[in-house]
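Chemist: Residue numbers (this note's numbering): 674 to 1077. The beta-carbon is built from N, C-alpha and C at its ideal position, and this holds for glycine as well. Quick one: this structure, given as C-alpha cells, is what I'll be asking you about.
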C-alpha cells in the first residue's frame, strides 16, 4: 500500500473513532476537548464531500454551544471559553455557521474574556495555551469589532509594561512551567511556542498585521527577537537542539540543555515564530534565520534524537510533519517537503496499538494513553493527514496553534 492510500485508510479509522467522541466526549475545548473535533470533520468534509462528515461538524458545534451556556469553563485557549469561541468564528469564516446567529453569544463573551485576559496578563500569566495570551486569537478573529480592537490595543500596552529588559533586548517571564514555579527566586524565560516567548512574538506580529498598535509593536517584537536569538547555545552537537528549553535572566540554562523536537518546545517552534513574524513584519533577516533553522532540523533531526515518542500534534510526528510541509510550501524548499514526507511516514508507522483509537496512543510519562482531541490525540493526527493527502486544502485551522 502506498503512503497516500495508507494515510486515507488511517483517516477512515480516525473518522470512525471520532464519530462516537463527537457525540459523547465529556469535556469541550478547542485543543483539549471535543470541540476541536468539529475542525477535523469540517476539513474532512472538504476532502471527501460526504454529508455524514458535515452532519458531525454540526453535531459538535451544537454540543459546544450548549456547553458554554451550561458549564463553568476557564477563559483559556486550549480547553476554555476563548478557544471554543475562536472555533465558532473560524467555522463561520469557513461557511459552516452564520455569524449573525452568534452575535448575542459573542457580545457576552467579549466582556468575560476581556476580563480574563487582562487579569492574567497583569500577574505575568502569559502562557499561550492556558493563561492570558491565547485569548488574543479570539479577539483577532472578532475584528473588525471596535471592542476587539480595543482589547488588542490594551494587550499590547500590557505586554510593553510587563516586558523585562535584558542585556540584548526584552523578554517575558514564564509563569507556567513546573521548574519556574519551583524556583520563584529565579526569573525564568520559556523558549517554547506553546508556553513561552516565541508565542508572544507570533501573537504580536498577528496584531501588527491587522493595523493595530503599529507604532508600538516594532519596539517590542524587534528587541524580543534580538533577545531570543542570543539564547542559542554556543555549540550544539549533531542531532541536538540549537536552543535550550528554559533560561534565566543571568543567561543560565534551566532544566534540559537540549530540547525535544516538536511543536510545543524546541527549535521547530522558534523557527515557526520567526517565519510567521518575518513575513508579517517584512523582516528578511528573520526569514533567513528561520529558513536556516528549518533546514538544520530537516538534515539533522529524526525520531530518535528528537525524542518523538508518538504521533500527536503537540510533541509528536504529525505536528512536525505539518510544520515542515507548510514551511516547505511557504519557503519553496523541496528539502523541507521531502522531510515532511519522512515525518508523515513516521505518523503512519506509529499506529501500532491494538487497544488505542485508530491504532494510536500518546506518551504521558511514564505511560501511553488514549486521546481523541486535537492537541494530543487522533483529531490532530487526522487534521495533519488531511493536508498530506491534499496539500491544496489550506490548514487555516492551524492558526489556532500559531502555525501560518
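Between residue 998 and residue 989, what straight-line distance do the alpha-carbon atoms span, to the nearest angstrom?
Modeler: Cα-Cα distance, rounded: 15 Å.
Chemist: In this structure, does DSSP put residue 1037 in helix, strand or coil?
Modeler: Reduced to three states, the DSSP call for residue 1037 is strand.
Chemist: Taking the C-alpha atoms as reference points, what is the distance between residue 711 and residue 686?
Modeler: Using only the alpha carbons, I get a separation of about 16 Å.
Chemist: Considering only the beta carbon of each residue, do residue 937 and residue 866 sit closer than 9 Å?
Modeler: Taking 9 Å as the Cβ cut-off, residue 937 and residue 866 qualify as a contacting pair.
Chemist: Identify whether residue 927 lies in helix, strand or coil by the three-state DSSP scheme.
Modeler: The answer is strand: DSSP assigns residue 927 an E or B state.
Chemist: Does residue 844 come out as helix, strand or coil in the three-state DSSP assignment?
Modeler: The answer is strand: DSSP assigns residue 844 an E or B state.
Chemist: May I ask you to report which of helix, strand or coil DSSP gives residue 796?
Modeler: Reduced to three states, the DSSP call for residue 796 is coil.
Chemist: Would you say the segment 913-925 touches the segment 857-874, given that touching needs at least three Cβ pairs under 8 Å?
Modeler: Taking 8 Å as the limit for Cβ pairs, the verdict is that the segment 857-874 does touch the segment 913-925.
Chemist: Taking DSSP as the reference, what is the three-state secondary structure of residue 981?
Modeler: Note: residue 981 maps to coil in three-state DSSP.
Chemist: Can you name, in chain order, every residue of its own chain whose Cβ lies under 6 Å from the Cβ of residue 939, other than the five neighbours on each side?
Modeler: Counting only Cβ-Cβ distances below 6 Å, and skipping sequence neighbours, we find 914, 932, 933.
Chemist: Look at the alpha carbon of residue 1062 and the alpha carbon of residue 860, and state the distance between them as a whole number of angstroms.
Modeler: For residue 1062 and residue 860, the distance between alpha carbons rounds to 45 Å.
Chemist: Could you give the C-beta distance for residue 828 and residue 790, rounded to a whole number, given that I count them as a contact under 8 Å?
Modeler: Confirmed, about 7 Å.
Chemist: Quick check on this structure: which residue in 703, 978, 1018 has the alpha carbon closest to the alpha carbon of residue 802?
Modeler: Cα-wise, what sits closest to residue 802 is 703.
Chemist: DSSP state of residue 918, grouped into three classes?
Modeler: DSSP places residue 918 in coil when its eight states are reduced to three.
Chemist: Which stretch, first to last residue, makes up the alpha helix (DSSP H) that contains residue 1045?
Modeler: Note, residue 1045: premise wrong, no alpha helix (DSSP H); not H, not E.
Chemist: On a CA-only basis, which of 904, 688, 895 is nearest residue 878? Give me that one, please.
Modeler: It is 895 whose Cα lies nearest to the Cα of residue 878.
Chemist: Do residue 750 and residue 816 count as a contact pair if the criterion is CB distance below 9 Å?
Modeler: No; because the gap between Cβ atoms is not below 9 Å, this pair is not in contact.
Chemist: Report, in whole angstroms, the separation of the C-beta atoms of residue 1045 and residue 714, which I expect to be a contact under 8 Å.
Modeler: Not really, about 12 Å apart at Cβ, beyond 8 Å.
Chemist: Helix, strand or coil for residue 863 per DSSP?
Modeler: DSSP places residue 863 in strand when its eight states are reduced to three.
Chemist: Does the separation of the CB atoms of residue 720 and residue 993 fall below 9 Å?
Modeler: Against a cut-off of 9 Å, the Cβ pair of residue 993 and residue 720 comes out as no contact.
Chemist: Who are the near neighbours of residue 814 in its chain, counting only those whose CB is closer than 6 Å to its CB and skipping five residues on each side?
Modeler: If we look at residue 814 and ignore the five residues flanking it on each side, its Cβ neighbours are 759, 762.
Chemist: Whose C-beta lies closer than 6 Å to the C-beta of residue 1012 among residues of the same chain, with five residues either side of it excluded?
Modeler: If we look at residue 1012 and ignore the five residues flanking it on each side, its Cβ neighbours are 971, 997.
Chemist: Helix, strand or coil: how does DSSP classify residue 868 here?
Modeler: Three-state DSSP puts residue 868 in coil, outside helix and strand.
Chemist: If we call anything under 9 Å between Cβ atoms a contact, is residue 991 one with residue 1053?
Modeler: Closer than 9 Å, so yes.
Chemist: The beta strand (DSSP E) that contains residue 750, what's its start and end?
Modeler: Where residue 750 is concerned, there is no enclosing beta strand (DSSP E), given that its DSSP letter is neither H nor E.
Chemist: Straight-line CA distance for residue 1001 to residue 811?
Modeler: Spanning the two alpha carbons is a distance of roughly 28 Å.
Chemist: When the distance is taken between beta carbons, is residue 874 closer than 9 Å to residue 898?
Modeler: Yes, Cβ-Cβ distance for residue 898 and residue 874 is below 9 Å.
Chemist: Report back the beta-carbon spacing between residue 848 and residue 797 to the nearest angstrom; my notes put them in contact at under 8 Å.
Modeler: Confirmed, about 5 Å.
Chemist: For residue 826 and residue 885, which I take to be in contact (beta-carbon distance under 8 Å), what is that distance rounded to the nearest angstrom?
Modeler: Contact holds; Cβ gap of about 6 Å.
Chemist: Taking contact to mean 3 or more Cβ pairs, one atom from each stretch, closer than 8 Å, check whether the segment 677-691 and the segment 1017-1027 are in contact.
Modeler: As far as the Cβ criterion goes, the segment 677-691 touches the segment 1017-1027, which means the pair count is three or higher.
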